[in-house]
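Those sequence lines, one after another, are chains A and B. With positions in the first sequence counted from 1, the corresponding number in our numbering is that position plus 1115. With positions in the second sequence counted from 1, the corresponding number in our numbering is that position plus 280.
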Amino acid sequence: MATILVADDDEMFRELVTEILTQGGYSVVRVKDGAEGWEALQKKKIDLAVLDLNMPNMDGLELTRKVRDDAKLRDLPILMLTVRALVEDQVTGYERGADDYLTKPFDSKMLLARVKVLARRSSLGK
Amino acid sequence: MSQLTFWILGSDPLRLRRWETALSREGWHLSTQARFDALYAEVARERFGIILLDWNVLKQKIPEGIRRLKSASTGISVILTSDSDLTADCVIEALDSGCDDHFIHDIDDRLLAAKLKAHLRRILPSLASALDVLKSPGGEIKLDRSRQEAWVKGTRTRWTPATGLTPTEFHILALFLEQPGKVLERAFILDAVAKGKAVDIRPGTVDKHIESLRRKLGRYASMIRSVYGVGYALREN
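In structure tokens form, the structure reads like this:
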């Protein structure tokens, strides 16, 4: 079973995303900011990350940059989940290394379908 | 061929022109098609590429089209494009059929380029390694540029290292494997290996390198064919 890191400081969204992914058959590691996310990535085997953009301590963009700069983690598929829908923000997200972008509010089936695509693509690349 | 192509299948000439302009700006190789069959024939000949597939061309047949394209070649990303009113269920069905992404037709040009670059990041490592590894068409000789090593097919289909190749011989072997069957003139070979280096350019230099290379290819020495008065070529079978 693939393990997904869910990083979001908004508890309600964190729980919602966790529930959707768990029902989709994934195992979930929940954290409330980027710093905790970075720690989890060091300790646990994570296959994919769903990150909120705005978080205290370390935001989603900074965490993405750190992952892409890390020799062991750089291929981790990252999906950004955020309320920010501005083109500039999305472009920045992709440029920093995000693989996909979904804006809140989102359709739960769409989240699962997008996660499945990223999981499929990364397993093909191995 | 191991180049990367962007294909755009679409029916709206104005939009196609806009995307062509945006993608050309990035220096990418583009091919525009209006018919699925023509697109499929091209894709089946390539190993790597990104396809922008317009929902309006295939409509309900999109999932089937995606499955066909994905099975035609392994290094292909398929991205569905549509008007903004396509239902989430249709998008999800496409994603579940093997589609890699979806965006709407009036996507901002900068976002389009950023998204495609994200797809490229995923494809490029396998493209790079494919470009590093060269093989003769009959599978007798193999070379890996990143490791600077070459092998010949031994008995029982095992690869045996072609030992003792000098950097110049390695370079010449790569030239042959890049263009099997093509006659490479002595002057061309000399030019290619001499790039930026001071080398001995006496007549017969190339012949000496070839003679030595053939010796090191052992049972496949005759794969490098002499073309009298011109140069050499790699046999295609």
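Cβ atoms here follow ideal geometry from the backbone N, Cα and C, with glycine treated the same way. Bear in mind that the values here come from a model prediction, so they are computed numbers and not experimental data.
Within 8 Å of any Cβ in chain A, is that where the Cβ of residue i sits?
{"i": "I342 of chain B", "result": "no"}
{"i": "I372 of chain B", "result": "yes"}
{"i": "S282 of chain B", "result": "The predicted model places S282 of chain B with a pLDDT of 45, which falls under 50 and marks its position as unreliable; any figure quoted below should be read in that light. Cβ-Cβ to chain A under 8 Å: no for S282 of chain B."}
{"i": "A394 of chain B", "result": "yes"}
{"i": "L514 of chain B", "result": "no"}
{"i": "D250 of chain B", "result": "Because chain B spans 281 through 517 in this model, residue 250 of chain B falls outside it and cannot be assessed."}
{"i": "L391 of chain B", "result": "yes"}
{"i": "K339 of chain B", "result": "no"}
{"i": "A352 of chain B", "result": "no"}
{"i": "D380 of chain B", "result": "yes"}
{"i": "A398 of chain B", "result": "yes"}
{"i": "R402 of chain B", "result": "yes"}
{"i": "D386 of chain B", "result": "no"}
Along the beta strand (DSSP E) that carries residue i, what are the first and last residues, could you check?
{"i": "H309 of chain B", "result": "309 to 313"}
{"i": "L1163 of chain A", "result": "1163 to 1167"}
{"i": "E429 of chain B", "result": "429 to 433"}
{"i": "G418 of chain B", "result": "Taken as a continuous stretch (DSSP letters only), G418 of chain B belongs to no beta strand (DSSP E), as it is neither H nor E."}
{"i": "P441 of chain B", "result": "439 to 441"}
{"i": "D1190 of chain A", "result": "Premise fails: D1190 of chain A is in no beta strand (DSSP E) and is neither H nor E."}
{"i": "G355 of chain B", "result": "355 to 362"}
{"i": "G511 of chain B", "result": "511 to 514"}
In the DSSP assignment, find the unbroken alpha helix (DSSP H) run with residue i in it and report its ends.
{"i": "D376 of chain B", "result": "368 to 376"}
{"i": "D487 of chain B", "result": "485 to 496"}
{"i": "R295 of chain B", "result": "293 to 304"}
{"i": "G1149 of chain A", "result": "1149 to 1158"}
{"i": "M1127 of chain A", "result": "1126 to 1138"}
{"i": "T1179 of chain A", "result": "1175 to 1184"}
{"i": "L1217 of chain A", "result": "Run containing L1217 of chain A: none in the alpha helix (DSSP H); it sits in the beta strand (DSSP E), 1215 to 1218."}
{"i": "D317 of chain B", "result": "316 to 324"}
Against chain B, with Cβ distances strictly below 8 Å, would residue i count as a contact?
{"i": "A1234 of chain A", "result": "no"}
{"i": "D1162 of chain A", "result": "no"}
{"i": "R1229 of chain A", "result": "yes"}
Compute the beta-carbon to beta-carbon distance between residue i and residue j, rounded to the nearest angstrom, for a pair I have assumed lies under 8 Å.
{"i": "A454 of chain B", "j": "R425 of chain B", "result": "7 Å"}
{"i": "F362 of chain B", "j": "D386 of chain B", "result": "It should be noted that the sequence gives Ser, not Phe, for residue 362 of chain B. Rounded, the Cβ-Cβ distance is 11 Å, inconsistent with contact."}
{"i": "G345 of chain B", "j": "L332 of chain B", "result": "Going by Cβ atoms, the distance from G345 of chain B to L332 of chain B rounds to 13 Å, so no, they are not a contact pair."}
{"i": "G1152 of chain A", "j": "L1178 of chain A", "result": "5 Å"}
{"i": "D381 of chain B", "j": "I359 of chain B", "result": "4 Å"}
{"i": "L289 of chain B", "j": "L319 of chain B", "result": "5 Å"}
{"i": "H399 of chain B", "j": "I330 of chain B", "result": "6 Å"}
With 8 Å set as the bound, which would you pick, yes or no: does the beta-carbon of residue i sit closer than that to a beta-carbon of chain C?
{"i": "A501 of chain B", "result": "You won't find chain C in this structure, because its protein chains are A and B."}
At least three beta-carbon pairs within less than 8 Å, the stretch 1182 to 1199 of chain A to the stretch 1208 to 1219 of chain A: yes
Residues, ordered as in the chain, of the stretch 1191 to 1205 of chain A that lie near chain B by beta-carbon distance below 7 Å: V1202, Q1205
Near-chain B residues of the stretch 1168 to 1188 of chain A - C-beta to any C-beta below 7 Å: Listed in chain order, the positions of the stretch 1168 to 1188 of chain A with a beta carbon within less than 7 Å of a beta carbon of chain B would be empty, since no residue qualifies.
Three CB pairs or more closer than 8 Å across the stretch 1171 to 1186 of chain A and the stretch 1143 to 1151 of chain A: yes
Interface residues of the stretch 355 to 372 of chain B facing chain A [CB-CB below 9 Å]: Cβ contacts with chain A come from S357, A368, D369, V371, I372.
Interface residues of the stretch 1205 to 1227 of chain A facing chain B [CB-CB below 9 Å]: Q1205, V1206, T1207, G1208, Y1209, E1210, G1212, A1213, D1214, D1215, Y1216, D1222, K1224, M1225, L1227
Cβ contact check for the stretch 375 to 385 of chain B and the stretch 334 to 353 of chain B: 3 or more pairs under 8 Å: yes
Inter-stretch contact at 8 Å, needing at least 3 Cβ pairs: the stretch 297 to 312 of chain B / the stretch 388 to 406 of chain B: yes
Near-chain A residues of the stretch 283 to 307 of chain B - C-beta to any C-beta below 9 Å: none
Cβ contact check for the stretch 411 to 425 of chain B and the stretch 1228 to 1237 of chain A: 3 or more pairs under 8 Å: no
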